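Engineer: 148 is the number that numbering that gives the first Met the number 0 gives to position 149 of the sequence shown; each next residue is one higher, with no gaps. Cβ atoms here follow ideal geometry from the backbone N, Cα and C, with glycine treated the same way. These numbers were taken from a predicted model, which means no experiment stands behind them. First the structure, which I've put down as structure tokens, then a few questions once you've had a look.
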Amino acid sequence: MNQLHPTRIRAITLDLDDTLWPVWPAIERAEAALQDWLCQHAPQTAARFDLDGMRAMRAAVAADHPALTHDLSALRRESIRRMLDAAGEAPSLAEPAFNAFFDARQRVDLYEDALPALQRLARRWPLLALSNGNADIARIGLSPWFQGSLAARDIGVGKPDARIFQTACERLDCRPDEVLHVGDDLALDVHGALGAGLQAAWICRTAPSTSTAPPPCWQGADLASLVVALGA
Ligand SMILES: [Mg+2]
0 MNQLHPTRIR AITLDLDDTL WPVWPAIERA EAALQDWLCQ HAPQTAARFD
50 LDGMRAMRAA VAADHPALTH DLSALRRESI RRMLDAAGEA PSLAEPAFNA
100 FFDARQRVDL YEDALPALQR LARRWPLLAL SNGNADIARI GLSPWFQGSL
150 AARDIGVGKP DARIFQTACE RLDCRPDEVL HVGDDLALDV HGALGAGLQA
200 AWICRTAPST STAPPPCWQG ADLASLVVAL GA
């Protein structure tokens with residue numbers, strides 16, 4: 000299904016995690032870096048919280064503070080602080096411990112087609128990163144291809160809320176129908192974007208289940224096919 004209107008596109012917003020790189024390897028590396036840091040600097044916390052314990056604490060903090068689900072860095076900091084507190088170690092260690100996590104979180108392995116696609120798209124349109132997560136395009140080294148980035152924590156709501164898409168359009172100085180949003184998540188990216196009046200491109204690197212009704216948008220297996228579809 001191709002419902003792209005390339006001649007009408009004046010700017011592109013791009014999801015990051017699982018669109019430009021697989022997110023789970025980066026999260027697992029970051030969790031391992033946090034565990035290593037705690038082993039060295041907060042051994043009681045490391046002994047008390049294994050990987051499952053760390054994840055359970057993060058889930059508990061998210062349940063207690065729903066607003067933090069839009070600021071994953073704040074959520075992670077608070078869950079580290081609570082682990083330190085529970086183990087009787089200094090809560091002030093939370094910041095350097097978080098930094099160990101965050102540094103590793105930014106070490107991502109781009110999908111093979113991601114950088115060539117960014118280069119092609121950026122030649123023709125302004126690109127804005129639009130993420131609910133805490134990846135940092137500057138630290139990842141992708142700033143040269145983006146005009147900027149907008150994250151859920153910046154405005155207090157995440158995709159699929161229309162407000163984050165509207166804010167993106169304002170920042171790009173475009174009408175919603177002049178902006179194409181590209182992402183991997185059917186609910187957050189595709190339905191979110193379409194609901195806010197944007198065009199949408201759904202990147203399905205794994206085939207969607209046959210029970211999933213195809214949304215009224217362009218759908219393709221990777222960013223390379225999107226570049227072709229856009230004639231970029
Ligand atoms: Mg994603």
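(1) What are the boundary residues of the alpha helix (DSSP H) that includes Q39?
(2) Does ligand 1 have even one heavy atom less than 8 Å from the beta-carbon of T18?
(3) If you draw a straight line from the alpha carbon of Y110 to that of A220, how long is it in whole angstroms?
(4) Once DSSP output is grouped into helix, strand and coil, what is the label at D6?
(5) So, for C74: in the same chain, excluding its five sequence neighbours on each side, which residues have a beta-carbon less than 8 Å away from its beta-carbon?
(6) Mark P207 as exposed unless 16 or more other C-beta atoms lie within 10 angstroms of its C-beta, in which case mark it buried.
(7) Measuring only the C-alpha atoms, how far is I136 from V226?
(8) Output yes or no for whether 9 Å exceeds the beta carbon distance between A10 and L129.
(9) Distance, Cα to Cα, V156 vs A228?
(10) Around the Cβ of A88, are there at least 16 other Cβ atoms within 10 angstroms (buried) or fewer (exposed)?
(11) Which runs of the alpha helix (DSSP H) at least 4 residues long sit entirely within the region 44-82? Give them in chain order.
(12) Do you know how far the Cα of R106 is from the Cα of T18?
(13) Between L187 and ligand 1, is there a pair consisting of the residue's CB and a ligand heavy atom that are separated by less than 8 Å?
(14) When you compare only the Cα positions, how much space is there between R81 and F101?
(15) What's the call for D153, buried or exposed, on a 16-neighbour Cβ count within 10 Å?
(16) Quick one: what's got a C-beta closer than 6 Å to W124's C-beta in the same chain, skipping five residues either side?
Structural biologist: The answer reads as follows:
(1) Counting from one through the sequence shown, the residue named residue 39 turns up at place 40. That run of the alpha helix (DSSP H) goes V22 to H40.
(2) The residue given as residue 18 occupies position 19 in the sequence shown. Yes, ligand 1 has a heavy atom inside 8 Å of this Cβ.
(3) Translated into the one-based positions of the sequence shown, residue 110 becomes position 111. Translated into the one-based positions of the sequence shown, residue 220 becomes position 221. Distance between the alpha carbons of Y110 and A220: 12 Å.
(4) Here residue 6 refers to the residue found at position 7 when the sequence shown is read from its first residue. Here the sequence assigns Thr to residue 6, which means Asp is not the residue at that position. Of the three classes helix, strand and coil, the one that applies to T6 here is helix, per DSSP.
(5) Taking the sequence shown and counting its residues from 1, the one referred to as residue 74 is at position 75. Sequence inspection shows Leu at residue 74; the Cys mentioned does not correspond to that position. Excluding sequence neighbours, L74 sits near R57, V60, A61, H64, L67 and T68.
(6) Position 208 of the sequence shown, counted from the start, is the residue given in the question as residue 207. Exposed, by the Cβ-count rule.
(7) For the purposes of this step, residue 136 is taken as residue 137 along the sequence shown, with counting starting at 1. For the purposes of this step, residue 226 is taken as residue 227 along the sequence shown, with counting starting at 1. The straight-line gap from Cα to Cα measures roughly 21 Å.
(8) Indexing the sequence shown from 1 puts residue 10 at position 11. Indexing the sequence shown from 1 puts residue 129 at position 130. Going by C-beta atoms, A10 is not nearer than 9 Å to L129.
(9) Residue mapping note: residue 156 aligns to position 157 of the sequence shown, counting from 1. Residue mapping note: residue 228 aligns to position 229 of the sequence shown, counting from 1. Distance between V156 and A228, taken at the CA atoms: about 31 Å.
(10) Taking the sequence shown and counting its residues from 1, one reaches residue 88 at position 89. At residue 88 the sequence reads Glu, which differs from the Ala that was named. Result: buried.
(11) 50-63
(12) Position 19 of the sequence shown, counted from the first residue, corresponds to residue 18. Position 107 of the sequence shown, counted from the first residue, corresponds to residue 106. Between T18 and R106, the C-alpha separation is close to 15 Å.
(13) Numbered from 1 along the sequence shown, position 188 holds the residue referred to as residue 187. Yes, Cβ of L187 sits closer than 8 Å to a heavy atom of ligand 1.
(14) Position 82 of the sequence shown, counted from the first residue, corresponds to residue 81. Position 102 of the sequence shown, counted from the first residue, corresponds to residue 101. Rounded to whole angstroms, R81 to F101 spans 17 Å at the Cα level.
(15) One-based indexing of the sequence shown puts residue 153 at position 154. So D153 ends up on the exposed side.
(16) Residue mapping note: residue 124 aligns to position 125 of the sequence shown, counting from 1. So the qualifying residues of the chain are A10 and I11.
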